[in-house]
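Student:
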Amino acid sequence: MAPRKTASVSSRKTAAKPVKKDFAGGTIAEFSKEDDLKAYREMLLIRRFEEKAGQLYGMGFIGGFCHLYIGQEAVVVGMQLALKEGDQVITGYRDHGHMLACGMSARGVMAELTGRRGGLSKGKGGSMHMFSKEKHFYGGHGIVGAQVSLGTGLAFANRYRGNDNVSLAYFGDGAANQGQVYESFNMAALWKLPVIYIVENNRYAMGTSVSRASAQTDFSQRGASFGIPGYQVDGMDVRAVKAAADEAVEHCRSGKGPIILEMLTYRYRGHSMSDPAKYRSKDEVQKMRSEHDPIEQVKARLMDKGWATEDELKQIDKEVRDIVADSADFAQSDPEPDVSELYTDILL
Amino acid sequence: MPVEILMPALSPTMEEGTLSKWLKNEGDKVSSGDVIAEIETDKATMEVEAVDEGTIGKLLIAAGTEGVKVNTPIAVLLQDGEAASDIDTAKAEAPKAEAPKAEAPKQGDPEAPAASAAPVAAQPRADVPSDPAIPAGTEMVTMTVREALRDAMAEEMRANDDVFVMGEEVAEYQGAYKITQGLLQEFGARRVVDTPITEHGFAGVGVGAAMTGLRPIVEFMTFNFAMQAIDQIINSAAKTLYMSGGQMGAPIVFRGPSGAAARVAAQHSQCYAAWYSHIPGLKVVMPYTAADAKGLLKAAIRDPNPIIFLENEILYGQSFDVPKLDDFVLPIGKARIHRAGKDATLVSFGIGMTYAIKAAAELEAQGIDVEIIDLRTIRPMDLPTVIESVKKTGRLVTVEEGYPQSSVGTEIATRVMQQAFDYLDAPVLTIAGKDVPMPYAANLEKLALPSVAEVVEAVKAVCYK
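Protein sequences appear in the order of chains A and B. Reading the first sequence from the start, the letters are residues 1 to 348 in my numbering. Reading the second sequence from the start, the letters are residues 349 to 813 in my numbering.
Spelled out as structure tokens, the structure:
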């Protein structure tokens, strides 16, 4: 039996293994003070928002499933930094971070989590199903892997319309084993569709570790048989994500077809609120938090370079906490949808 | 003894074809494997190869002849030592090769008399009473359901650049059932998109494109294959509008043949009308006539909702009158009274209508005047039209080819019982396919489908006759 891989992110290879040689990969983007401050703030917003969502779930304000993004913030924030107006985003059910990064309002997301009328889907979608036409966010999908074909369809529409928009289809290491992912890879490569497939490899598909579920654990190479280039990226370092995103976006926008970015990342919390996460050790989680936390990395850098003082960072923390507290207050006080909403939005 | 070459059946649904061209002349020697003729079937132009060796003694059917029935002798092959003068002897022999075909059921035409050898019109033409949606005095043209569907797509594609068609073999092959014939030539590969054999994937691609506002027509070669894609149809296409609080939906048409074809057995023979009609967020259309196929497909393409458009392989080749109008669009969700009557109501849709129509003719001869309602749309269902008819007749029988449990008929029966109980003079009877996977054997297949006799018996039963 092959040895199980239990390596931490730092010992996993982050150097790219390109199919083609036109992608540097493994590079770290140069971040200015403004870039780091922006990344810090955006990631912190997701962190604090998710912590609050977890709290509200515990208090019974949020029902059903609730999958938190804590630990993975650098992925979506780094990717978003490379996009322009018109680029589209679609993801699975661990989607709160993506929505905040796309600029959807914290109030709208939180009120959707509590099932209130001010939620982004009027309270009818819930944690896994939110959308924003304005922000080009196409959900929020609860069926594992479905968003990959849908995201390929977004790219198809871009090519059909002849614009230069790029679509970002996020999915996890678990979804990466779904058949329609490869059906999509085939069509995207065949038709040179401008889609970036982002595999958020957080090492566990619910409770099943990557090595127990995947014959090929290097997800960046999952497109090799279609000739889709793929790269592994340190998904805990927002600068590495941004660098990979820049190159991937350029690849797609210039008409070279799809590309795969495997983000090596980690979720600190369980798969969902009811998951005790007994499939991994507390030490493993603690080691990731203490050595690779995406937010702490940026914070340390800001301090080391003298780009922000402790007080200035505390001020950002306060602003973020205020946004989250406001969203939580709104989400608890906003009324439930009117009963007439039961029968609306079924057909146009 | 001279060998008769018979008109071959070259597709599961082919009953007749056009002998387009002879590639051999009388007196030519042929070896097995030589192409001797080209035949146009209901799906494609096919080459016919010789099976036996010999010399063409006589060509019995002239090139260009339409409507040549399967198993009609088309040529006589002379073998060594035989002369053209031997041909008469051959013709006097019983047509051996024809024997098994005599047992074969004629799908979609189950009670039809044996095929006549005499030349007939290329396709049977059905008369349909006037539709209130069609202005009186409108000029009509005869066309097949196949042509009507193609024209509907072509017209909508001309009118709106956001409309495109995708699916397996829709472009270069011209459609597995020739429904997209000519579209590639007119609209190009950008808008007529051949996909790999990847239903789950391309259904998702279509829905994703629709979520951005494009209007895809996704053709499934048959709806049996759409089972691979049913998650994208139901979980993505049908529910997104609701889940997004009305922000975005999927204006998409999923179309293709549904239901039993002919002798294609269990995995290729089932009707999806009841399946999809279960789902809020979908509209389900299943036309019978060419006019309805055209008017409703145009409506479906314009509709902002996801539409399941169920066609039928056997109906593709049937001809009907279609209004000659620049822009003929019918309302989705409206039934059509196909035949007015006073004694009993028959409700059907799609190919089920063929049983209802024949049963009504037989019943008329027995003095029972049947009203036939063609639902046309299964969801939303035009129950008011059904109930209005039941108020008049007091008796109701439904007819469909799908499985009996949780069928469209049982849904109609339930709702009529709930909403028009006092008008019923007899229990509602539901005629459906049998509760079995479709068998292959010709006799069993015939038994698994509804029959005109069953419909006649059911109507007599509800009339207590």
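Every residue gets a Cβ at the ideal spot worked out from N, C-alpha and C, and that includes glycine.
#1: Which residues bound the alpha helix (DSSP H) around A/N201?
#2: For B/S464, I'd like the list of residues in its chain whose CB is within less than 6 Å of its CB, leaving aside the five on either flank, ordered along the chain.
#3: Can you tell me whether DSSP reads B/P671 as helix, strand or coil?
#4: Which residues in the same chain as B/A647 place their Cβ atom closer than 7 Å to its Cβ, once the five residues preceding and following it in sequence are excluded?
#5: By DSSP's criteria, A/T27 is part of a beta bridge. Which residues make up the other side?
#6: Return yes when the Cβ of A/V324 is within less than 8 Å of the Cβ of A/A106, no when it is not.
#7: Measure the C-alpha to C-alpha separation of A/L150 and B/I353 and round it to an integer number of angstroms.
#8: My guess is that A/D311 and B/Y590 are in contact by the Cβ rule of under 8 Å, so how many angstroms apart are they, rounded?
#9: B/P350 to B/V424, Cα distance in whole Å?
#10: Using the beta-carbon of each residue, which ones in chain A are nearer than 9 Å to B/S606?
#11: So the beta strand (DSSP E) B/I779 belongs to, where does it begin and stop?
#12: Return the bridge partner residues of A/D234 from the DSSP annotation.
#13: In this structure, does DSSP put B/G365 in helix, strand or coil?
#14: In angstroms with no decimal places, state the Cα-to-Cα distance between B/R539 and B/Y664.
#15: Helix, strand or coil: which one does DSSP assign to B/W814?
#16: Using the Cα positions of A/M187 and A/E336, report the straight-line distance between them to the nearest angstrom.
#17: List the residues of chain A whose Cβ lies closer than 9 Å to the Cβ of B/F512, in chain order.
#18: Of all Cβ atoms in chain A, is any one closer than 8 Å to the Cβ of B/N653?
#19: Just list the beta strand (DSSP E) runs in the region 27-84 of chain A, keeping only unbroken ones of 3 residues or longer that don't cross its boundaries, in chain order.
#20: Using a Cβ cut-off of 8 Å (strictly closer), state whether B/F550 contacts chain A.
#21: Is it true that the CB of A/L264 sits closer than 8 Å to the CB of A/A248?
#22: Checking contacts by CB at 8 Å: is A/N406 closer than that to chain B?
#23: First and last residue of the beta strand (DSSP E) that includes B/S696?
#24: Per DSSP, what are the beta-bridge partners of B/M514 in this structure?
#25: Can you tell me where the beta strand (DSSP E) holding B/T746 begins and where it ends?
#26: DSSP beta-bridge partners for B/M491?
#27: Kindly indicate the opening and closing residues of the beta strand (DSSP E) around A/F171.
#28: Whose Cβ in chain B lies nearer than 7 Å to the Cβ of A/E183?
#29: Express the C-alpha separation of B/G556 and A/Q147 in angstroms, rounding to a whole number.
#30: Any idea which residues DSSP pairs B/M394 with across the strands?
#31: Using the beta-carbon of each residue, which ones in chain B are nearer than 9 Å to A/T344?
#32: Check the Cβ-Cβ distances between B/D730 and every residue of chain C, and say whether any is below 8 Å.
#33: In chain order, what residues of the same chain lie with their CB nearer than 6 Å to the CB of B/R611, ignoring the 5 residues before and after it?
#34: Say whether chain A places a C-beta atom closer than 8 Å to the C-beta of B/S850.
#35: Mind checking who A/T339 pairs with in its DSSP beta bridge?
#36: Should B/P483 go down as buried or exposed, given a rule of 16 or more other Cβ atoms within 10 Å for buried?
Tutor: The answer reads as follows:
#1: Taking the first sequence and counting its residues from 1, the one referred to as residue 201 of chain A is at position 201. First-last for A/N201: 195-201, but that is the beta strand (DSSP E), not the alpha helix (DSSP H).
#2: Counting from 1 along the second sequence, the entry for residue 464 of chain B is found at position 116. Because B/S464 sits at a pLDDT of 40, beneath the cut-off of 50, its placement in the model cannot be relied upon, and the following sentence gives the value as read from the coordinates. Taken in chain order, the list of residues that qualify is empty.
#3: For the purposes of this step, residue 671 of chain B is taken as residue 323 along the second sequence, with counting starting at 1. Three-state result, B/P671: strand.
#4: Position 299 of the second sequence, counted from the start, is the residue given in the question as residue 647 of chain B. Result list for B/A647: V677, L678, P679, I680, in chain order.
#5: Stepping through the first sequence from its first residue, residue 27 of chain A is reached at position 27. Bridge partners of A/T27: none, in fact.
#6: Along the first sequence, one-based indexing puts residue 106 of chain A at 106. Along the first sequence, one-based indexing puts residue 324 of chain A at 324. Closer than 8 Å, so yes.
#7: The count along the first sequence starts at 1 and reaches residue 150 of chain A at position 150. The count along the second sequence starts at 1 and reaches residue 353 of chain B at position 5. Answer to the nearest angstrom: the Cα atoms are 52 Å apart.
#8: The sequence position of residue 311 of chain A within the first sequence is 311, counting from 1. The sequence position of residue 590 of chain B within the second sequence is 242, counting from 1. About 47 Å separates the two Cβ atoms, so there is no contact after all.
#9: The residue labelled residue 350 of chain B in the question sits at position 2 within the second sequence. The residue labelled residue 424 of chain B in the question sits at position 76 within the second sequence. One C-alpha to the other measures close to 6 Å.
#10: The residue given as residue 606 of chain B occupies position 258 in the second sequence. Chain A residues near B/S606: none, gap ~21 Å exceeds 9 Å.
#11: Numbered from its first residue, the second sequence carries residue 779 of chain B at position 431. Residues 777-779.
#12: For this step, residue 234 of chain A is matched to residue 234 along the first sequence. Answer by DSSP bridge pairing, in chain order: A/L264.
#13: Mapped onto the second sequence, residue 365 of chain B falls at position 17. B/G365: strand per DSSP, three-state reduction.
#14: Taking the second sequence and counting its residues from 1, one reaches residue 539 of chain B at position 191. Taking the second sequence and counting its residues from 1, one reaches residue 664 of chain B at position 316. Straight-line Cα distance between these residues: approximately 23 Å.
#15: Any answer about residue 814 of chain B is impossible in this case: the structure gives chain B only from 349 up to 813.
#16: The sequence position of residue 187 of chain A within the first sequence is 187, counting from 1. The sequence position of residue 336 of chain A within the first sequence is 336, counting from 1. So the alpha carbons of these two residues sit roughly 42 Å apart.
#17: The residue labelled residue 512 of chain B in the question sits at position 164 within the second sequence. Chain A residues near B/F512: Y160.
#18: As a first step, residue 653 of chain B must be located in the second sequence, where it is residue number 305. Yes, its Cβ sits closer than 8 Å to a Cβ of chain A.
#19: none
#20: Within the second sequence, residue 550 of chain B is the residue found at index 202, counting from 1. Output row for B/F550: interface = yes.
#21: Counting from 1 along the first sequence, the entry for residue 248 of chain A is found at position 248. Counting from 1 along the first sequence, the entry for residue 264 of chain A is found at position 264. It is not a contact, given that the beta carbons lie outside the stated cut-off.
#22: For chain A, the structure presents residues 1 to 348; residue 406 of chain A sits outside this window and is missing.
#23: For the purposes of this step, residue 696 of chain B is taken as the residue at position 348 of the second sequence. Start and end: 692-696.
#24: Stepping through the second sequence from its first residue, residue 514 of chain B is reached at position 166. Per DSSP, B/V541, B/V566.
#25: Mapped onto the second sequence, residue 746 of chain B falls at position 398. Residues 744-747.
#26: The sequence position of residue 491 of chain B within the second sequence is 143, counting from 1. Answer is B/F668.
#27: Sequence index remark: in the first sequence, residue 171 of chain A carries index 171 (1-based). Looking at the DSSP string, the run of the beta strand (DSSP E) that includes A/F171 is 167-172.
#28: The count along the first sequence starts at 1 and reaches residue 183 of chain A at position 183. Neighbours of A/E183 on chain B, chain order: T546, H548, G549.
#29: The sequence position of residue 147 of chain A within the first sequence is 147, counting from 1. The sequence position of residue 556 of chain B within the second sequence is 208, counting from 1. So the two alpha carbons sit approximately 8 Å from each other.
#30: Here residue 394 of chain B corresponds to residue number 46 of the second sequence, with the count starting at 1. According to DSSP, B/M394 bridges with B/I387.
#31: Counting from 1 along the first sequence, the entry for residue 344 of chain A is found at position 344. Those are Y590, G593, G594, listed as they occur along chain B.
#32: Among the protein chains of the structure shown, namely A and B, there is no chain C.
#33: For the purposes of this step, residue 611 of chain B is taken as the residue at position 263 of the second sequence. P360, listed in sequence order.
#34: In the structure as shown, chain B begins at 349 and stops at 813. Residue 850 of chain B is therefore absent and cannot be evaluated.
#35: As a first step, residue 339 of chain A is located in the first sequence; it is residue number 339 there, counting from the start. Just to set this straight, residue 339 of chain A is Val in the shown sequence, not Thr. Answer is none; A/V339 lacks a bridge partner.
#36: Looking up residue 483 of chain B in the second sequence gives position 135. B/P483 is exposed by the Cβ-count criterion.
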